[in-house]
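Take a look at the structure set out below.
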């Protein structure tokens, strides 16, 4: 009888122990799943935050080319600008050609003349649009003084730029080609900037010789 009771007690104890272990395992599984979910969630949130942070920290590149590559806005060649002028005022002699910055745009300003009038047209060097065109009557003195450019005998704007940039430090940014009524020669006046000062260099458009160098401090050197 005692043996039966003892066996029953042992069996009951074993059953209770098994139930406890099973319950413990279930809790452990639940805890593991909860921990895994929490870890996954935190990882996902961190990844999302990291992605947002990365996106928000992306900075649009500074348009440093705006200053450096203003010359890229010169899409019209000098000849194309002259064609625009000739389309507006036919069969005129060319007196001078400017290529200058107005605001953030390059503009050709071309002056011409005939026996009675002088003509001016401004052409956007990027779009080719004529922004201004006008003419006015010449007085008697002007009629006798006007001399036309012979564009076939002068150096190009690019060549003028190379000459002045070897002469002074900086980058050419504005150009002016004009006949001198006194001696009948053509000259390039080129404005050069090195970022801190501006220098104007005048060169003979025929011989390529540097004639004058004017700094922005108003000092002038004759070469």
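Residue numbers (the UniProt record's numbering): 1 to 223. For each residue, glycine too, the CB sits at the ideal point set by N, CA and C.
Bridge partner(s) assigned by DSSP for residue i
i           : result
residue 112 : 94, 119
residue 295 : One cannot answer for residue 295 here, as it falls past the ends of the chain, which runs 1 to 223.
residue 216 : Residue 216 pairs with nothing; no bridge assigned.
residue 200 : 191, 214
residue 105 : 102
residue 124 : 107
Classification of residue i by the beta-carbon crowding that lies within 10 angstroms, buried from 16 upward
i           : result
residue 172 : buried
residue 112 : buried
residue 78  : buried
residue 179 : buried
residue 161 : buried
residue 95  : buried
Alpha helix (DSSP H) segment containing residue i, residue limits
i           : result
residue 143 : 140-145
residue 137 : Run containing residue 137: none in the alpha helix (DSSP H); it sits in the beta strand (DSSP E), 130-137.
residue 86  : 78-88
residue 167 : 157-167
Whole-angstrom C-beta distance between residue j and residue i, which should lie under 8 Å
i           : j           : result
residue 216 : residue 197 : 5 Å
residue 76  : residue 108 : 7 Å
residue 81  : residue 110 : 6 Å
residue 115 : residue 147 : Incorrect: roughly 13 Å between the Cβ atoms, too far for contact.
Task: Contact the segment 153-168 vs the segment 128-135: 3+ CB pairs below 8 Å - done: Because the criterion of three Cβ pairs below 8 Å is not met, the segment 153-168 and the segment 128-135 do not touch.
Open item on the list: Contact between the segment 97-104 and the segment 172-183 is defined here as three or more beta-carbon pairs at a separation below 8 Å; is this criterion met?
Closed with: Touching, yes, given that three or more Cβ pairs across the two stretches are closer than 8 Å.
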